[in-house]
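A.B. asks: Handing you this structure, nothing more for now.
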Amino acid sequence: MPKMKTKSGAKKRFKLSGTGKVIMAQANKRHGMIKRTNKQIRNQRGTTVMAEPDAVVVRKYFLPNG
Numbered sequence: 255m256p257k258m259k260t261k262s263g264a265k266k267r268f269k270l271s272g273t274g275k276v277i278m279a280q281a282n283k284r285h286g287m288i289k290r291t292n293k294q295i296r297n298q299r300g301t302t303v304m305a306e307p308d309a310v311v312v313r314k315y316f317l318p319n320g
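Here you go:
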């Protein structure tokens, strides 16, 4: 049986924390910053933890080896 490979797009976008949560970049930061409030821009810096229903899919199919 062949081994399951990590999706190359996923390894560039996600990483797993020590407790197994999926860390990802904040969404909605590509363009249109002029119309966003300063608070929204400030709060969307850095990374965030992915919602658990989505994280289950990422861990199982996209990052099977961790």
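For the sequence shown, position 58 matches number 312 in our numbering, and the numbering has no gaps at all. We put the CB at the ideal spot given by N, CA and C, even for glycine.
1. Looking at the unbroken beta strand (DSSP E) that takes in residue 295, where does it start and where does it end?
2. Just to check my reading of the structure: residue 300 and residue 280 have Cβ atoms closer than 8 Å, yes? What is that Cβ distance to the nearest angstrom?
3. Among the residues of its own chain, which have a CB less than 8 Å from the CB of residue 260, if the five just before and after it don't count?
4. Tell me where the beta strand (DSSP E) around residue 305 begins and ends.
5. Where does residue 278 sit, in a helix, a strand or coil, going by DSSP?
C.D. replies: In short, the structure shows the following:
1. That residue, residue 295, is in no beta strand (DSSP E); its alpha helix (DSSP H) goes 292-297.
2. 7 Å
3. Closer than 8 Å at the Cβ level, and outside the excluded window around residue 260, lie 316, 317, 318, 319.
4. Taken as a continuous stretch (DSSP letters only), residue 305 belongs to no beta strand (DSSP E), as it is neither H nor E.
5. strand
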